[in-house]
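Visitor:
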Amino acid sequence: MFHTDDDEQNSPCANLTFAQFLKLNCQTTHDSVDNLVMSVKPFDSPEHYVKFLQLQAIFHKVVDDIYKNPELNQKIDGLAELARYDDVLLDLQDLQASKKAISTPLPQLSGAETLGWLYCAEGSNVGAAFLFKDAQNKLGFGAEHGARHLAPHADGRGKHWRDFVAQLNALDLSEQERAAALKGALDAFAFYKVVVREIFGVA
């Protein structure tokens, strides 16, 4: 399909689905998060992995209320069952470790920005395929011990993500709500990076 420069200037994201809009505008930030996480080598030792779990516990605590939001659960089928905070806590227990307190304040979320945080949280489970393999191959953890929260959905990561995205895209959102959701997604990535640096002690 051909388009003009004027079309792009007037509405560059007009023909994108909600999920495509978020992906397009978050890709660079998303990649920087991946690079930061891998730079701290979370699977090189059990000690590093505990820190990774403590990081995950903080992030999933923030998004836990989003997964359990009654209004969102009416719009996104089975959302509450996708929450992984409890699984992260069980993974920590498996390693005889506990949550870590941080100086960074936890964000208070509301409105459409919560959809951006949800997009980041659920999308991370797709990318977790590589993390899950590292947890298995390097540390011997799995879906029943130590790496529950990284395990794939029963339907498989790909199918589950496509189904989830379809429900996201079906939400009737205004341009203002889409913009708020994008802000939420970018805030989620930024918060995650701050917590990575605090827990792993990197600049």
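According to numbering that gives the first Met the number 0, the sequence shown is numbered sequentially starting from 0. Glycine included, every Cβ here is placed at the ideal spot set by N, Cα and C. From a predicted model like this one, the values you see are computed outputs, not experimental measurements.
(1) For V87, which of E174, W160 and L149 has the nearest alpha-carbon?
(2) CB-CB under 8 angstroms to Q135, same chain, minus the five flanking residues each way: which ones, in chain order?
(3) Can you tell me whether G145 is helix, strand or coil according to DSSP?
(4) Is Q107 helix, strand or coil by DSSP?
(5) Figure out for me which residue from L181, L138 and H152 has the closest Cα to the Cα of D43.
(6) Assuming F188 and K50 are in contact, meaning their beta carbons sit under 8 angstroms apart, how far apart are those beta carbons, in whole angstroms?
(7) Using the C-alpha atoms, what's the distance from D186 back to Q26?
(8) Mark V195 as exposed unless 16 or more other C-beta atoms lie within 10 angstroms of its C-beta, in which case mark it buried.
(9) Which residue's Cα is closest to the Cα of A56: H144, A128, F129 and A100?
(10) Just reading off the alpha helix (DSSP H) that V39 is part of, what are its end residues?
(11) Given a threshold of 16 other Cβ atoms within 10 Å of its Cβ, counted over all protein chains shown, does P69 qualify as buried or as exposed?
(12) Taking 7 angstroms as the cut-off, decide whether the C-beta atoms of A165 and E112 are in contact.
(13) Which parts of the stretch 68 to 122 are runs of the alpha helix (DSSP H), unbroken and 4 residues or longer, counting only runs that do not cross its ends?
(14) Excluding the 5 residues flanking A202 on each side, which residues of the same chain have their C-beta closer than 8 angstroms to its C-beta?
(15) Skipping 5 residues on each side, what residues in its chain have a beta carbon closer than 8 angstroms to that of L91?
Guide: The relevant details are as follows:
(1) V87 has its Cα closest to that of L149, out of E174, W160 and L149.
(2) G141 and A146
(3) strand
(4) coil
(5) L138
(6) So it is not a contact: roughly 19 angstroms between Cβ atoms.
(7) 13 angstroms
(8) buried
(9) A100
(10) Premise fails: V39 is in no alpha helix (DSSP H) and is neither H nor E.
(11) So P69 ends up on the exposed side.
(12) no
(13) 69 to 74 and 84 to 93
(14) R196
(15) V49, L52, Q53, A56, S97 and K98
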